[in-house]
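Residue numbers (my numbering), protein chains in the order written: chain A, 1 to 328; chain B, 1001 to 1364; chain C, 2001 to 2380. We put the beta carbon where it would ideally sit given N, CA and C, even for glycine.
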Amino acid sequence: MASYIIRRVLYALIMIVLVSFVSFVIIKLPPGDFLTQKLSQLRARGDRSAEGQIETYRVRYNLDKPFLWQYSHWAWNFLHGDFGESFEYERPVREMLGERVTMTIILGIATLVVVWAMAIPLGVFSAVKQYSMGDQIITTLSFVGLGMPGFLLALLVLYFAITVLDVEATGLFSADYVNAAWSWARFVDLTNHLWIPAFISAVTGVGGLTRIMRGNLLDTLGQPFVEAARARGLKNGTVIWKHAVRIAINPLIVILGSEAIPGIIGGGGLVSVVLNLPTIFPLFIDSLRKLDMYMAGTCIVLITLLTLIGNLLADLVLAWIDPRIRLE
Amino acid sequence: MSELLNEPLIEVKDLRVEFDVRAGIVKAVDGLTMTVNRGKTLGIIGESGCGKSITARAILNMIPKPGKITHGEIIYYRRLKSDGLTQMDDIIDLAKTDPDGKLIRQVRGGEIGMIFQEPMSSLTPVYTAGTHINEAVILHHLTPVYKVGDQIAEQVMAHRKVTKAEARVIAIEMLHRVGIPKPEQRVDSYPHQLSGGQRQRVMIAIALSCEPSMLIADEPTTALDVSIEAQILDIMRDLQQSVNMAIMFITHNLGVITSMAEEIVVMYMGKAVEQGKVIEIFQNPKHPYTQALLRSIPKLGKKTAGERLATISGMVPDPFNLPTGCVFHPRCPLFMSGKCDKVVPKWTKVGDEHWASCLLYEEE
Amino acid sequence: MAKAEKNETAATAKQTQISQSYWSLVWWKFKRNRVAVVGGIILLTFYFSFVFIPEFLSPYKLDDSSDYTEAGPTRIHFVDQEGKFQSRPFIYGVEKKLDFVTRKRTFVEDPTKIYPIYFFVHGDAYKLLGFIPSDFHLYGIDQKNNPETRILIMGADALGRDWFTRILYGGRLSLMIGLIGQFLTLFFGTTLGVISGYYGGAVDMLIQRITEFLNAFPDIPLFMALAAAIPSFWSPIAVYFMLTLILSFVRWGGLARQVRGLILSLREREYVLAAKSAGANDSRLMFRHLLPGTMSHVVVIATLAIPGMILAETALSWLGLGLRPPLTSWGVLLQDAATVRAIHNTPWELWTVPFIIVTILAYNMLGDGLRDALDPYGSR
């Protein structure tokens, strides 16, 4: 078990290093950089000292150094918690991302909780009452939800909120509360905004999981150990939840690691752009457009890191609940 | 084992089980009648798909969907109390119980245990052997409570459920009795850490942990090696004698059944075609199907050079489209035209405690 | 155990019957799945309409700007001022008015000017499929005599361009990028998967590590980073092809993995040994004998992956990292439509969204049906 965890952690570390390096290469790929963009802007404005200014920036951001030096310098500082400086905002990346990282994690966990809390009961119901009216409704709805792209749904919900409900549904707080201290009113304001991302994640995330849960459980219910459990005189509910669901849920955890978490982070990212939620994503996209190198690099590493930690946790959970893996 | 009169435990009367599938209705069990006696072993033999396993599940009222018991009774003589002097029985029709009701759940596992064909997958992979046994024991095993200080001559006896710690002791004891080495350690083993034979022993331990009045064994040794098979059969015989329970032993293996059962029922296409004492049936089979089955066993010591092993001609009929009259007639070597394909044979006594359903033995 | 046996026989049955009867069985099973057939029909209609005949379906050219800036959808009338029902629907001319309070432009119908709607009307000349000259349009008003009036069934954008026309043409690029991108993915994925599974060893090891790396990278951020790396001065066509390449480059990993797994199991089959002993060389074995065995799986995976590709293009272009004007794709249209301001002022531009969603759903319906149909012996 311990060696399994160590192996997984090592693997994740290697991936992070590779991902950060490749991201750096990719960001460096296009000809020109942030400063050449800035230079042309300054020139267009007729700023005569443009070249001189740019040169000072170039030195300040180490852009005059060779690529490998830039990368290793940034990576070394990254390990020490210094993510570099944003060219665009001329502020440390860490300062700008701080709260957004927390928000990304909170939203991700909230999405996971909503999705799993809905998908598992629905999937179990659907499988246990196979071919019933309820099953057919759930199956149809989950099929529609499965194909529904979150950010487009977010657009439609936004349209609905603006035109029908006449509320500004973007962000997590109304203008009055964005910078206010925590209070009951601020909390109410937050829940007034939170229902939209919650609704979207429920619609888009629950469908796929419900379908998988239903399929797995149908397979499991046909297994001899379920019949054997019933023959021991257990209640139907105990047979289903303690024996069948317990086994049917394992593949779901594999999916949680390999698909659901990246999906929530990536797909949720697009949703947060539409709804202007304070997550990493809106800044990340902006930094990519502006070639804001250290910002973009930090964002991509953080996103990958979150994904890998999610994967790792899913692996550990699976090992924890499945003795066949734990005792390997 | 008492050599007294046979005392019925389960009486199956004209049982019909139908599966309503998209392509039509399959009659998995079609008018089956048989009796299991207390403390005795009844063998049920037949080809795959003849309805043996469905019959076993019908007794526990757990026919898988979309199957349904459509006709008949399964009478269970439930012993409520027996202290050597008084005896009290309750008569229940198992076919009419609520499939998820309290009554049938008390019977399942508590009074009728069952072991299955596939020990490899009959244990839930994420629970230890002990957990499985505990589940049954905590549900069904009741410990008598003697009320201390009760001075009335009549002893008042109450029952309570066993605690987890007690259940564990029982589990280890049961594993010991089914011959698992180091039961104190094995009780915490997960199924994947046990061999096939050990798993089947665990299954037997679960089934017997509540001292049931009957054990249904659905091809318990089919998936095991021959040497393991012999061990498992030995354990079942030993335990049967020590707790005086009936066994309903389902198999397609004619060799195994002679060593286990006193009486056997031969099934074909959801019907019993012959029933009798083992020796009687093997020496004097009446139904042409039984005769054909017995001919298909290779015999040791006989001169076999140039002689081919007999097979039953023809194919198992299409379950959606059963033959008219006697279902065996298209394959029967003694087929009587105009009779067998028209008339459904009746259950006829053909000897001492020996019945068959064949028109050959019906009096005109 | 019985189940494993069944799967085994099903697999071998599939192998032996992969000829005529297998495909006819697949077709038979597919046809019985109504949802899948509906999905297929929707897709055929969409591809035909948007890729081949958008010029005919819309009354205007893609970049026909007009004075109808940010005009809402034109109302189509059947009943005239006197309350009489007209068999031929008509629209009214409009007059632009400025609301001084809200500072918004509004268009007010002028009931004195009536323009009947005609079907198969003569309008702008175009070449259907690029070579058939024609000036027929599915619907429209008498444009030649009333060049200033527009029929805008889904409104207009800030330059007064007909939004419906833009959706039609946008669909052309978006739908094609899904197909072409998936085709490239198939090519990369199956080739590398087959090679990886067939040779094993160091080649396999290398390909495996690369796919693992690609999988570890979160999809959407990787798309974004790569798309952002496309130089801004490239021509639109170059950007389009580069984007297609990026989409397929990121996605081939999963497919290669699955194909590899299939090849590993197929490699041990007797018929491969038979072909080998008959003197078939490696490439023949791989692509003539092994690859066909994976086809049905590949078809299903590919069908279910196309919507992801279309969505990726849409999302990237919408974020300004993919296609850019003057190219018109659904994602480019979303750049205009998907802002809070646009939802207030030109909500009809959101008509783009249902088109995308219907396409995605139709692909899922089709793919799901194909998965069931291609496994005609399967239980579920």
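- Contact check for Phe83 of chain A and Arg94 of chain A: beta-carbon distance about 5 angstroms, within the 8 angstroms limit, so the pair qualifies.
- Distance from the Cα of Arg1038 of chain B is smallest, within the candidate group B:Leu1009, B:Ile1074 and B:Lys1346, for B:Leu1009.
- In this structure, Leu1294 of chain B sits away from Val1243 of chain B, with a CB-CB distance that is not shorter than 8 angstroms.
- Per DSSP, reduced to three states, the secondary structure at Leu1015 of chain B is strand.
- In the same chain as Ile105 of chain A, and ignoring 5 residues on each side of it, the C-beta atoms closer than 8 angstroms to its own belong to Leu306, in chain order.
- About 6 angstroms separates the beta carbon of His1140 of chain B from that of Gly1109 of chain B, a gap short enough to meet the 8 angstroms contact definition.
- Counting other Cβ atoms within 10 Å of its Cβ, Thr2346 of chain C reaches 16 or more and is therefore classed as buried.
- Neighbourhood of Tyr1076 of chain B in chain A, by CB distance below 9 angstroms: empty, with the nearest CB roughly 14 angstroms away.
- Taking one beta carbon from each stretch, the region 1058 to 1069 of chain B and the region 1090 to 1097 of chain B have 3 or more pairs nearer than 8 angstroms; the two touch.
- For Gly267 of chain A, there are no C-beta contacts with chain B under 8 angstroms, since the nearest C-beta of that chain is about 31 angstroms from it.
- The beta carbon of Ser1189 of chain B lies closer than 8 angstroms to those of Thr1128 and Ala1129 in the same chain, with the five residues before and after it left out.
- For Glu1007 of chain B, the number of other beta carbons within 10 angstroms of its own is below 16, and it is reported as exposed.
- Going by beta carbons, Tyr2115 of chain C and Asn2146 of chain C fall inside the 8 angstroms limit.
- In this structure Ile1104 of chain B is not in contact with Leu1015 of chain B, their Cβ atoms being roughly 16 angstroms apart against a cut-off of 8 angstroms.
- Straight across, the Cα-Cα distance linking Gly2293 of chain C with Leu2138 of chain C is about 45 angstroms.
- Secondary structure at Arg2172 of chain C: helix, using DSSP grouped into helix, strand and coil.
- The region 2153 to 2168 of chain C and the region 2077 to 2094 of chain C do not touch, with fewer than three beta-carbon pairs separated by less than 8 angstroms.
- Within chain C, Pro2307, Ile2360, Leu2361 and Asn2364 have C-beta atoms less than 7 angstroms from the C-beta of Gly147 of chain A, given in sequence order.
- Residue pairing from DSSP places Ala1356 of chain B in a beta bridge opposite B:Glu1274 and B:Thr1348.
- With respect to chain B, the C-beta atom of Leu256 of chain A has no partner C-beta closer than 8 angstroms.
- Listed as beta-bridge partners of Asp1100 of chain B by DSSP are no residues whatsoever.
- Judged by DSSP secondary structure, Glu1229 of chain B falls within the alpha helix (DSSP H) whose first and last residues are Val1226 to Val1243.
- Residue contact with chain A for Ile2343 of chain C: present (Cβ-Cβ distance below 8 angstroms to some residue of chain A).
- Chain-ordered listing is empty here: chain A has no CB closer than 9 angstroms to the CB of Tyr1289 of chain B, the nearest sitting near 29 angstroms.
- Here Gly268 of chain A is buried: its Cβ has 16 or more other Cβ atoms, across all protein chains shown, within 10 Å.
- Per DSSP, Ala2274 of chain C lies in no beta strand (DSSP E) segment; the continuous alpha helix (DSSP H) that holds it begins and ends at Glu2270 to Ser2277.
- Scanning A:Leu256, A:Gly207 and A:Pro121 for the CA closest to the CA of Gly150 of chain A turns up A:Gly207.
- Residue contact with chain C for Leu209 of chain A: absent (no Cβ-Cβ distance below 8 angstroms to any residue of chain C).
- Check the Cα spacing between Lys2127 of chain C and each of C:Ala2156, C:Leu2175, C:Lys2061 and C:Phe2090: the tightest is with C:Lys2061.
- Between the region 121 to 128 of chain A and the region 296 to 305 of chain A, the count of Cβ pairs shorter than 8 angstroms is below three; the stretches do not touch.
- Membership of Tyr1268 of chain B in the beta strand (DSSP E) is indicated by the continuous run Glu1263 to Tyr1268.
- For Met15 of chain A and Ala2216 of chain C, the gap between their C-alpha atoms comes out near 7 angstroms.
- Ranking A:Leu234, A:Val128, A:Leu79 and A:Ile325 by CA distance to the CA of Met213 of chain A puts A:Val128 first.
- Annotation for Asn311 of chain A: the continuous alpha helix (DSSP H) segment containing it runs Met293 to Ile321.
- As DSSP reads the structure, Arg1331 of chain B sits in no beta bridge.
- For Gly1113 of chain B, the enclosing beta strand (DSSP E) starts and ends at Ile1112 to Ile1115.
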